[in-house]
Amino acid sequence: MALTGQQPVAFAAPAPRGGCPFDPPPAYGRVREEQPVARVSLWDGSSCWLLTRHQDVRSVLRDTRFSAEASRPGFPFLSAGRKALTTSNASFIRMDDPEHAQLRRMLTGDFMVKRIEALRPRVQQLTDELLDRMTEGRQEADLVADFALPLPSVVICLLLGVPYADHAFFQDRSRTMLNSVSTPEQIEEAQDDLLRYLAGLAESKAAAPDDGILSRLVARGELTVAQIAAMGRLLLVAGHETTANMTALSALALLRDPDQLARLRDAALAGDTAAVQGAVEELLRYLSIVQGGVARVATEDVTVGDVRIRAGEGVLLMLNAANRDEEAFPGGDSLDVSRDARRHVAFGFGVHQCLGQPLARLELQVALAALLRRLPGLRLAVPFEEIGFRTEMLVYGVHALPVTW
Ligand code: HEM
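Counting in numbering that gives the first Met the number 0, the sequence shown runs from 0 upward without gaps.
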């Protein structure tokens, strides 16, 4: 991506990665150095602003003059499929306050740190069972299919009251929805499948309530079945794809960096919870898997840095570039599990900051610590060059991770 003053420059979505698959596309780093608020053109000929500095990303995300409503003119989309995904059947991630706050508030109790922390023994037990099954009588496994994906999938199913037996169905539809090369028709079909499925589940909970979130939302009597299904879809998709990819990509990044791996393993063996928590924050920062960034549109004229963004103009906030900003994280292109990375924006920032972050943190802490503790000989079962990275997916990661131990 070459820069030419304030002329919009072509922006490939997602931009091509460089030599190191853990680094954000090098083009973002160049933008940040040369023109931190850059005008870029998108696939459909529209243009928007690309923001890559940590300070700018945080200031826009907490600024109520920027809207998350995808139906507003000027809202930027990374692909035709993404447009289909975010404009139909919106859930509260694509709403502004007060509607957003009203819906999000119905779930804040479920994702409070204290409530999620109470799940730790259960998550630990599930983790141990998965590792038992993965290693029993075997010397090789796919860390994605056998561990990283099932763990958060089982947990979000338990929380929502969705039968895990249906995992092949909902994982398949999620993959289609989050694939930037899916056509709008494929995305709409996948969304509709999930919405129909969740609406059916919500209706069955009315007759036979349980203690899951879906059942509780039905019992409140304030939402339509369609609203509950939209909320359930957001939680189900966000609740498994993200953590699954973070777990597998973290394992790979650690396997490529034996010093950092040894430090985290020592912390896990010593039961040093604070060090494990810190390492997970650093991995979230370093890997920043929401690779398409987050989108907003200005509702008033706003100055960001030295650029005037006009009402109706879109902005793309590149979380992965912001998390490598030298001003916020000196030496940030290196993984350093002892770094204080808590100001990272991997979970976003402001009113839409990830609702599920306490759950994601818990799952990552338990999963990575158990993996390193129990499998001291963990290593790749194929050459690194054969690993397939999820460059086409909105959530970055690896398609499969063959390992041995
Ligand atoms: C490593 C794991 C995760 C990452 C990196 C991540 C990242 C993000 C980001 C960047 C946003 C902000 C989007 C925006 O501002 O437009 C977000 C929002 C959200 N996330 Fe996560 N997420 C993760 C795990 C989870 C989990 C486990 C759940 C479980 C339910 C979840 C549920 C949500 C929800 C409901 C929102 C919308 C919040 C709102 O609009 O108020 N996420 N996430």
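Glycine is no exception: its CB is placed at the ideal position from the N, C-alpha and C atoms.
For residue i, tell me which candidate among the options has the shortest Cα-Cα distance.
i	options	result
Thr-242	Leu-49, Leu-282, Met-230	Leu-282
Arg-323	Arg-338, Gly-313, Gly-311, Ala-310	Arg-338
Arg-378	Leu-400, Val-365, Glu-32	Leu-400
Asp-145	Pro-257, Leu-358, Thr-134	Thr-134
Val-397	Ile-288, Arg-373, Pro-357	Ile-288
Gln-356	Arg-16, Arg-38, Ile-155	Ile-155
Asp-171	Pro-162, Val-153, Gln-190	Gln-190
Gly-238	Leu-222, Ser-152, Leu-254	Ser-152
Arg-284	His-53, Glu-221, Thr-175	His-53
Asp-271	Leu-148, Leu-102, Ala-369, Arg-121	Ala-369
Gly-277	Arg-16, Met-176, Val-336	Val-336
Val-306	Arg-16, His-351, Pro-24, Gln-34	Gln-34
Ala-294	Ala-83, Tyr-163, Leu-77	Leu-77
Val-275	Asn-319, Arg-31, Leu-363	Leu-363
Ser-46	Arg-309, Ala-267, Thr-175	Arg-309
So, is the C-beta of residue i closer than 8 Å to a C-beta in chain D?
i	result
Thr-302	Absent from the structure is chain D; it holds one protein chain and no more.
Using the C-alpha atoms, what's the distance from residue j back to residue i?
i	j	result
Val-402	Val-301	49 Å
Arg-29	Gly-349	26 Å
Leu-286	Asp-332	10 Å
Thr-51	Arg-341	18 Å
Phe-328	Ala-261	22 Å
Ala-14	Ala-26	7 Å
Ser-90	Ala-229	5 Å
Ser-40	Ala-201	42 Å
Leu-2	Gln-290	Residue confidence for Leu-2 is low, a pLDDT of 43 falling below 50, so the modelled location carries little weight and cannot support an answer.
His-99	Gly-18	40 Å
Leu-358	Ala-269	23 Å
Thr-246	Pro-97	34 Å
Pro-120	Val-112	14 Å
Val-217	Arg-195	15 Å
Asp-165	Ser-203	15 Å
Gln-352	Glu-384	35 Å
Val-168	Gly-330	Val is not the amino acid found at residue 168; the sequence shown has Phe there. Roughly 42 Å between the two C-alpha positions.
Val-59	Asn-319	15 Å
Arg-174	Gln-101	29 Å
Could you tell me whether any non-hydrogen atom of the ligand HEM is closer than 7 Å to the CB of residue i?
i	result
Arg-104	no
Pro-151	yes
Val-289	yes
Ala-237	yes
Ala-140	no
Ala-250	no
Met-245	yes
Ile-155	yes
Cys-47	no
Phe-169	no
Ile-115	no
Ile-227	no
Gly-313	no
Ala-345	yes
Ala-366	no
Ala-67	yes
Thr-242	yes
Ala-340	no
His-53	no
Ile-92	yes
His-166	no
Leu-282	no
Val-293	yes
Looking at residue j and residue i, is the spacing between their C-beta atoms short of 8 Å?
i	j	result
Met-317	Asn-178	no
Trp-423	Val-314	What is shown of the chain runs 0 to 404, which leaves residue 423 out entirely.
Leu-361	Ile-115	yes
Val-236	Val-56	no
Gln-123	Val-279	no
Gly-311	Gly-73	yes
Leu-251	Leu-371	no
Asp-22	Ala-67	no
Leu-193	Arg-232	yes
Gly-406	Pro-183	Look at the range of the chain in this structure, 0 to 404, and you will see that residue 406 is not part of it.
Val-224	Ala-198	yes
Ile-212	Gly-160	yes
Arg-64	Glu-299	yes
Leu-150	Leu-118	no
Leu-334	Asp-265	no
Glu-240	Val-394	yes
Asn-244	Arg-61	no
Gly-304	Val-36	yes
Leu-367	Trp-404	no
Arg-71	Val-296	yes
Ala-321	Glu-139	no
Leu-354	Leu-106	yes
Arg-31	Pro-24	no
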